[in-house]
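If you use our numbering, the sequence shown corresponds to residues 432 to 854, in order. We put the beta carbon where it would ideally sit given N, CA and C, even for glycine. These figures come from a predicted structure and were not determined experimentally. These notes are about the structure you will find just below.
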Amino acid sequence: MTGTCDARAVVLSTTRHRKLRLRGAPFRWAFIVASFFPWVSFNTNSLDMQPWPLIFAIILISTDKKLNLSSAFIYSIVVVAIGFFWALIVSNSANFLAVRAFYGFSSFYIFYAAASSTIKRRYNILPLAKVLNIIWLIGALIEVKFPVVLAVFGKVRTTSGRGVTSFAPEPSFFVAFLIFSSALILVLDGYNFRRSKKVHLANILAVLLLAKSAIGIAYLAVLGLCYLGYLILRMRPKKRGVYFLAGIAAVIVAVPILLNSLTTDTRVLSLLMKLAAKGPLLLIKLDASINERVAHVVLPIHGAIRNFFLPLGFDTFSESREFLQRFYNGFFWQSTGTDKIMSWFGEWIYTLGIFGVTGLVLIYFEFLKLSREARWTLTSISIILFSAIPVSFPLVGILFAYVFGGGNYGQYHYRDFDPVSPK
């Protein structure tokens, strides 16, 4: 990184931190590895998200006698716990969805705390994070030619017209991993894209050419627009930033052409053609998958507002959806009839109501004190969290911990500094 930087920027002081290794910290190492492979089950059970990251995280925080979390973090846990019990009362029954919700909400805080413990112990997880990201990319390349090999690691839900899944059950989850892995690596690099640009560019290409997911295109569009906003508000767009945006635009134009030359039967190409021909609103209405995903963003928030942000419970979404659809004149027609909400923020807001909103506000409490780069990174990720990201996805809690510096301590801290470009 060169030039003058924000005096409150978050930086990694590599000279003061030790590399995280299996021999030196086996449980901490296992926590990070398991968090990067949350869907790997080796077909031993029917669950998508596996419990291993949570188990290792609990071991870490229960054995860390010096763990010191911020008061806002503790208050957030208390508020969400109250909301959870309220939601339990208003639910029709304490079924599997209640257990799933408890697992999801509690795991976010546990992953955050475990990552904070890792920060406090001054372990540098960046080299390990890069290696694990590369393993995902290698797995995707292997799946292109030998899909049976990756099926050994867990469930795979894809078809010939869709993209590969690597170590995830479906392409959209593969995309989610790539986005959050890149975001975490960016934060670990002190928000310097160039330090790991090969990893980031490989992830972008994997989203476009390997996952072939429409939601992946949407995620990249969000990130590109947020970066454009960041450059405009700075009023001093750097030359490399302009080149970056030009490169993204070129990729977006080139990828449909490339996909069309490689195959004539890809879902993402079909959706891009529909988008160009009919516009975004008509595409949302006509495509069943997109219609379902957008409904899970809009309807939970509409339901929460209509209920004055009181908790609505774990198994009432299908009932609420049936009622709310009348306000949209049949626009949201696709429904699987499930009470499971496919939106990270949507589940917090609908299920827990004002308690979920307050809990998240407390987590975001230090937002304005972050560096400019950190605020824009968190804003971009927050927009993506309105989509179908599982609440129990480990990289979300870990990313939040590193963005906010793990509380009042950590390898990421606010101080005046003279940035030095890595050799």
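So, under 8 Å CB-CB, residue i and residue j are touching, yes? Tell me the CB distance rounded to an integer number of Å.
{"i": "S802", "j": "S774", "result": "28 Å between Cβ atoms; not a contact."}
{"i": "T808", "j": "V792", "result": "Actually they are not in contact, since the Cβ atoms of T808 and V792 sit about 19 Å apart, beyond 8 Å."}
{"i": "Q765", "j": "N722", "result": "4 Å"}
{"i": "S547", "j": "L485", "result": "The pair is not a contact, with the Cβ atoms about 15 Å apart (cut-off 8 Å)."}
{"i": "G514", "j": "G734", "result": "G514 to G734, Cβ: 15 Å. No contact."}
{"i": "F487", "j": "F527", "result": "Contact doesn't hold; Cβ gap of about 24 Å is too wide."}
{"i": "S644", "j": "H631", "result": "In fact, because the Cβ distance is near 18 Å, the residues do not count as touching under 8 Å."}
{"i": "R626", "j": "T549", "result": "Rounded, the Cβ-Cβ distance is 20 Å, inconsistent with contact."}
{"i": "L650", "j": "I820", "result": "A small correction: the amino acid at residue 650 is Tyr; Leu does not occupy that position in the sequence shown. Rounded, the Cβ-Cβ distance is 10 Å, inconsistent with contact."}
{"i": "A545", "j": "I492", "result": "6 Å"}
Should residue i be labelled buried (16 or more other beta-carbon atoms within 10 Å of its own) or exposed?
{"i": "G777", "result": "buried"}
{"i": "R588", "result": "exposed"}
{"i": "A525", "result": "exposed"}
{"i": "N564", "result": "buried"}
{"i": "E601", "result": "buried"}
{"i": "S507", "result": "buried"}
{"i": "A707", "result": "With a pLDDT of 48 at A707, under the threshold of 50, the modelled position of this residue cannot be trusted; read the value that follows with caution. Exposed, by the Cβ-count rule."}
{"i": "I541", "result": "buried"}
{"i": "F516", "result": "exposed"}
{"i": "P742", "result": "buried"}
{"i": "G837", "result": "With a pLDDT of only 42 at G837, under the threshold of 50, the placement of this residue in the model should not be trusted, and no figure is reported."}
{"i": "P825", "result": "buried"}
{"i": "P457", "result": "exposed"}
{"i": "F577", "result": "exposed"}
{"i": "A719", "result": "exposed"}
{"i": "N476", "result": "exposed"}
{"i": "S502", "result": "exposed"}
{"i": "F763", "result": "buried"}
{"i": "T782", "result": "buried"}
{"i": "N634", "result": "buried"}
{"i": "I736", "result": "exposed"}
{"i": "I812", "result": "buried"}
{"i": "F611", "result": "buried"}
{"i": "E574", "result": "buried"}
{"i": "G660", "result": "exposed"}
{"i": "S466", "result": "buried"}
{"i": "I648", "result": "buried"}
{"i": "L656", "result": "exposed"}
{"i": "L730", "result": "buried"}
{"i": "R752", "result": "buried"}
With a CB to CB cut of under 6 Å and the five nearest residues on each side skipped, what residues in its chain are close to residue i?
{"i": "F748", "result": "D770, I772"}
{"i": "N499", "result": "none"}
{"i": "E797", "result": "F835"}
{"i": "E804", "result": "Y622"}
{"i": "G828", "result": "F539, F542, Y543"}
{"i": "A642", "result": "G594, P602, F605, V606"}
{"i": "F740", "result": "G784, I785"}
{"i": "G455", "result": "none"}
Identify, in the order they occur along the chain, each residue of the same chain with its Cβ nearer than 8 Å to the Cβ of residue i, setting aside the five sequence neighbours on each side.
{"i": "K450", "result": "Y554, N555, P558, L559"}
{"i": "N523", "result": "G744, D746, T747"}
{"i": "W779", "result": "F536, G787, V788, G790, L791, V822"}
{"i": "F473", "result": "V583, F584, G585"}
{"i": "I616", "result": "L557, A560, K561, N564, S627, V630, H631"}
{"i": "K878", "result": "With the chain covering 432 to 854 only, the question about residue 878 has no answer from this structure."}
{"i": "V725", "result": "I715, F763"}
{"i": "L799", "result": "R806"}
Any idea which residues DSSP pairs residue i with across the strands?
{"i": "N555", "result": "K450"}
Less than 7 Å between C-beta atoms, sequence neighbours within five positions excluded: which residues of the same chain meet that for residue i?
{"i": "W911", "result": "Any property of residue 911 remains undetermined from this structure, which presents the chain solely from 432 to 854."}
{"i": "T694", "result": "Low local confidence applies: a pLDDT of 49 at T694 is under 50, so the model's placement there is unreliable, and no value is given."}
{"i": "V509", "result": "none"}
{"i": "G570", "result": "L581, S597, F598"}
{"i": "D637", "result": "Sequence check: residue 637 is Ala here, not Asp. Once the five neighbours on either side are set aside, the close Cβ partners of A637 are L568, A571, L609."}
{"i": "F468", "result": "F598"}
{"i": "L519", "result": "A525, A529"}
{"i": "R452", "result": "W460"}
{"i": "L654", "result": "S811"}
Is residue i near the ligand SAH, with its Cβ less than 6 Å from a heavy atom?
{"i": "F527", "result": "With respect to small molecules bound, the structure shown includes none, and the ligand SAH cannot be examined in it."}
Ignoring anything shorter than 3 residues or poking outside the segment 443 to 517, list the beta strand (DSSP E) runs there in chain order.
none
Contained alpha helix (DSSP H) runs [length at least 4] in the segment 742 to 781, N- to C-terminal order:
748 to 755
Of all the alpha helix (DSSP H) runs that stay within the bounds of the segment 556 to 606, which reach a length of 4 or more residues?
557 to 576, 578 to 582
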